[in-house]
Amino acid sequence: ISIDDTFWNVGNLTVSKSLINPMLGGGSILNGEEDEKKHYSEIKEIYWKIEELNEYREFLGIIDSYKIVELVLANEGTTFDEDIDVKLHLGKGNIVKKEELPIPGILTIDDFIEMQFAEAVFKIRETENVIGYVGYPMMPPRINYKINTPFNHPSAQEEYEESKQKYEDNINQIFCYEIYEKEDEDVLVIHLGYLKHNTKMAFPSVLVFKNVPDTILYEISSKHTSEMTCGVLKMS
């Protein structure tokens, strides 16, 4: 995009700064003509919209590069089962661990939290044939004991750190399984407390992969099944 040099011209506009706390009426003051102030504000608005757009593009670009697999566990027996453990052998370095998932930037993170982005993208939706996972852990409430006053108002970085913690709490609650790293493979272990007969339950989250393995070996053990159920899932 070609921009005329005069676009950046704000005339004789100057900025004077006060030593008084901005919360008490201090801060920066623009000095100049009204049309110069208006043009300066328009330039700032465009700048921050571009920065915000770049954050969206970077974050969503990483998410879009991943591959997603949805799995459900089906009880095809004649009675309920409980205390069910599932192990998935995923090969080495294929799965994206929750700690590796990107976190939105400072300008956009609150938008992603408000729209419940993590839940919408990473949870498996219920259907008429598949119920949602019911074993999500209760996340402890985070109490902010800091009292904000005009003299200790949190900085933008402090507010960002607080929002990051909220987003990471959402991720930790959704991805409620363990991944154990071995020399030659990664093993995912997930626990389901109860599953009624003739019922299918979704995993707590989709599985996020850098590269989807050709096959996934699984092992299932439970309280009321004496033998371990083993098999292979073929990814196509």
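Here my numbering = 1-based position in the sequence shown + 17. For every residue, glycine included, the Cβ atom is placed at its ideal position computed from N, Cα and C.
For this session: Let me know the secondary structure DSSP gives I118 once reduced to three states.
Result: First, the residue type needs correcting, since residue 118 is Leu and not Ile in the sequence shown. L118: coil per DSSP, three-state reduction.
For this session: State the DSSP-derived secondary structure class of E244, mapped to helix, strand or coil.
Result: strand
Problem set entry | Whole-angstrom distance between N29 and Y184, CA atom to CA atom | 44 Å
Exercise. Do G152 and H208 have their CB atoms nearer than 9 Å?
Worked result: yes
Exercise. Are the beta-carbon atoms of L88 and L234 separated by less than 9 Å?
Worked result: no
Problem set entry | Residue range of the beta strand (DSSP E) that includes N48 | 45-48
Exercise. In terms of residues, what are the limits of the beta strand (DSSP E) holding N71?
Worked result: Counting along the chain, N71 falls outside any beta strand (DSSP E), though it belongs to the alpha helix (DSSP H) covering 51-82.
For this session: Within the same chain, show all residues whose beta-carbon is closer than 6 Å to that of N228, passing over the 5 residues directly before and after it, in chain order.
Result: N111
Exercise. N26 by DSSP, collapsed to three states: which one?
Worked result: coil
Exercise. DSSP three-state call for Y235: helix, strand or coil?
Worked result: strand
Problem set entry | Separation of T96 from E244, as counted between CA atoms | 16 Å
Exercise. Looking only at C-alpha atoms, which of E143, I67, Y211, F226 sits nearest to I79?
Worked result: F226
For this session: Taking all protein chains shown into account, decide if L141 is buried (16 or more other Cβ within 10 angstroms of its Cβ) or exposed.
Result: Sequence inspection shows Ile at residue 141; the Leu mentioned does not correspond to that position. Buried is the call here.
For this session: Compare the C-alpha of D98 against each of D231, K213, M218 and name the closest.
Result: K213
Exercise. Over what stretch of residues does the alpha helix (DSSP H) that includes E136 continue unbroken?
Worked result: 134-139
Exercise. For D186, which of helix, strand or coil comes out of DSSP?
Worked result: helix
Exercise. CB-CB under 6 Å to E72, same chain, minus the five flanking residues each way: which ones, in chain order?
Worked result: G122, L124, T125
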